[in-house]
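A.B. asks: Read in order, the letters of the sequence shown are residues 468 to 667 in the working numbering.
Just so you know, even glycine gets a beta-carbon here, dropped at the ideal spot from N, CA and C.
Every value quoted in this text rests on a predicted model; they were computed, and no experiment measured them.
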Amino acid sequence: MIDTVIFDIGNVLTEWHWHNSFVEWFGEDLVDTLANATVMSPEWAEIDRGVLTEEEVVALLTKNAPDYPEQIRRIVHDSHELVTVYPYAADWVRNLKKKGYKVYILSNFSEFGFNRVKDTFDFLPYADGALISYEVKLVKPDRKIYETLCERFDITPENAVFLDDNAKNTEAAREFGLHAITVENKEQTDRDLHVLGVTW
């Protein structure tokens, strides 16, 4: 029986709208170049491990597009502006809590990025706890991050479901022993939760 729901943040509780922001900031012509250097690069996920300073991140990503140092600096410094909370996020978490479910957050974030945006996350106060990647120097889909979450909050994996928009992360969660749903949109996620017996 499911008694715990674990949420990712990006594209689950918040919209990750980097493309529209890049167009607005830099123009359509630069979107692909800057995206490949930053948010779509292999290095971007590693930033969330929390082992690099903000300046080190800027230097690392600038190597991917040396002609655009100021644009890359803005992307890193203003990365919190690429995220907007979904209007239903707080109610989603709060309603699950009202029904008696434990609710946790598991998300990949850099320390500087999370600290700039966390005050806009109106769902956070309703969660029973959160594990953000930079805190433990681990990133999804590393099995160890799921293990750390469950140990920290005394979660029984077979009684918990993890919601994430990235199929690699949900696959890793299942391999660890959690139930998992790959989020496409809220309606689909609600249906999949109901199949698991999670109602609110």
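(1) Quick check on Tyr553 - is its C-beta less than 8 Å from some C-beta in chain C?
(2) Under 8 Å Cβ to Cβ from Gly567, same chain only, skipping five residues before and after it: list those, please.
(3) Which one of Arg540, Val570, Gly644, Ala556 has the shortest CA to CA distance from Lys611?
(4) Quick one: grab the DSSP three-state call for Trp483.
(5) Give the single residue among Glu495, Asn487, Met507, Glu513 whose Cα lies nearest to the Cα of Leu605.
(6) Looking at C-alpha atoms only, which residue of Pro554, Val628, Phe493 is the closest neighbour of Asn478?
(7) Does DSSP put Thr623 in a helix, in a strand, or in coil?
(8) Suppose contacts are defined by Cβ-Cβ distances below 8 Å. Is Tyr601 in contact with Phe576 by that definition?
(9) So which of Tyr613, Leu527, Glu522 has the shortest CA-CA distance to Ala640?
(10) The beta strand (DSSP E) with His646 in it runs from where to where?
(11) Please report the distance separating the alpha-carbon of Val498 from that of Asn626.
(12) Enumerate, from N- to C-terminal direction, the unbroken alpha helix (DSSP H) stretches of 4 or more residues contained entirely within the region 553-611.
(13) Among Ala504, Lys564, Leu630, Leu598, which residue has its Cα nearest to the Cα of Glu578?
(14) Rounded to a whole number of angstroms, what is the C-alpha to C-alpha distance between Val603 and Gly580?
(15) From the DSSP output, in three-state form, read off Thr471 for me.
(16) Taking its Cβ as the centre, do 16 or more other Cβ atoms sit within 10 Å of Lys607, making it buried, or is it exposed?
(17) Roughly how many whole angstroms lie between the Cα atoms of Ala502 and Glu548?
(18) Expressed to the nearest angstrom, what Euclidean distance is found between the alpha-carbon atoms of Ala615 and Asp496?
(19) Below 8 Å between beta carbons: does that hold for Ile539 and Thr505?
(20) Would you give the residue range spanned by the alpha helix (DSSP H) that Lys653 belongs to?
(21) Leaving out the 5 sequence neighbours to the left and right, which residues in its chain are closer than 8 Å to Thr500 when beta-carbon positions are compared?
C.D. replies: Well, looking at it:
(1) Protein chains in the displayed structure number just one, and chain C is not present.
(2) Within the sequence shown, residue 567 is the residue found at index 100, counting from 1. Within the same chain, Gly567 has close Cβ partners Asp470.
(3) Sequence index remark: in the sequence shown, residue 611 carries index 144 (1-based). Out of Arg540, Val570, Gly644, Ala556, the CA that lies nearest to the CA of Lys611 is found in Gly644.
(4) The sequence position of residue 483 within the sequence shown is 16, counting from 1. The answer is strand: DSSP assigns Trp483 an E or B state.
(5) Here the question's residue 605 lines up with position 138 in the sequence shown. Here the closest residue by C-alpha is Glu513.
(6) For the purposes of this step, residue 478 is taken as the residue at position 11 of the sequence shown. Nearest option by C-alpha distance: Pro554.
(7) Locating residue 623 in the sequence shown gives position 156, where the first residue counts as 1. Thr623 falls in the coil class under three-state DSSP.
(8) For the purposes of this step, residue 601 is taken as residue 134 along the sequence shown, with counting starting at 1. For the purposes of this step, residue 576 is taken as residue 109 along the sequence shown, with counting starting at 1. Yes, these two residues count as a Cβ contact at 8 Å.
(9) As a first step, residue 640 is located in the sequence shown; it is residue number 173 there, counting from the start. The residue from Tyr613, Leu527, Glu522 with its alpha-carbon nearest to that of Ala640 is Tyr613.
(10) To locate residue 646, count along the sequence shown from 1; it is residue 179. 646-649 is the span of the beta strand (DSSP E), which, as asked, contains His646.
(11) Indexing the sequence shown from 1 puts residue 498 at position 31. Indexing the sequence shown from 1 puts residue 626 at position 159. If you take the alpha carbons of Val498 and Asn626, they lie about 42 Å apart.
(12) If we require 4 residues or more, the alpha helix (DSSP H) runs fully inside the region 553-611 come out as 556-565, 578-584, 600-603.
(13) Locating residue 578 in the sequence shown gives position 111, counting from the first residue. Taking only the C-alpha atoms, the option nearest Glu578 is Leu598.
(14) For this step, residue 603 is matched to residue 136 along the sequence shown. For this step, residue 580 is matched to residue 113 along the sequence shown. If I take the Cα positions, the gap works out to 15 Å.
(15) As a first step, residue 471 must be located in the sequence shown, where it is residue number 4. DSSP places Thr471 in strand when its eight states are reduced to three.
(16) For this step, residue 607 is matched to residue 140 along the sequence shown. Counting Cβ neighbours within 10 Å, Lys607 comes out buried, since at least 16 surround it.
(17) For the purposes of this step, residue 502 is taken as residue 35 along the sequence shown, with counting starting at 1. For the purposes of this step, residue 548 is taken as residue 81 along the sequence shown, with counting starting at 1. Roughly 15 Å separates the two Cα atoms.
(18) For the purposes of this step, residue 615 is identified with residue 148 of the sequence shown, where counting begins at 1. For the purposes of this step, residue 496 is identified with residue 29 of the sequence shown, where counting begins at 1. Note on residue identity: the sequence assigns Thr, not Ala, to residue 615. Rounded to whole angstroms, the gap between the alpha carbons of Thr615 and Asp496 is 42 Å.
(19) Within the sequence shown, residue 539 is the residue found at index 72, counting from 1. Within the sequence shown, residue 505 is the residue found at index 38, counting from 1. Their beta carbons are under 8 Å apart, which means Ile539 touches Thr505 by this criterion.
(20) Residue 653 sits at position 186 when you count from the first residue of the sequence shown. Unbroken alpha helix (DSSP H) run through Lys653: 653-662.
(21) Translated into positions along the sequence shown, residue 500 becomes position 33. Cβ neighbours of Thr500 beyond the five flanking positions: Ala532, Tyr535.
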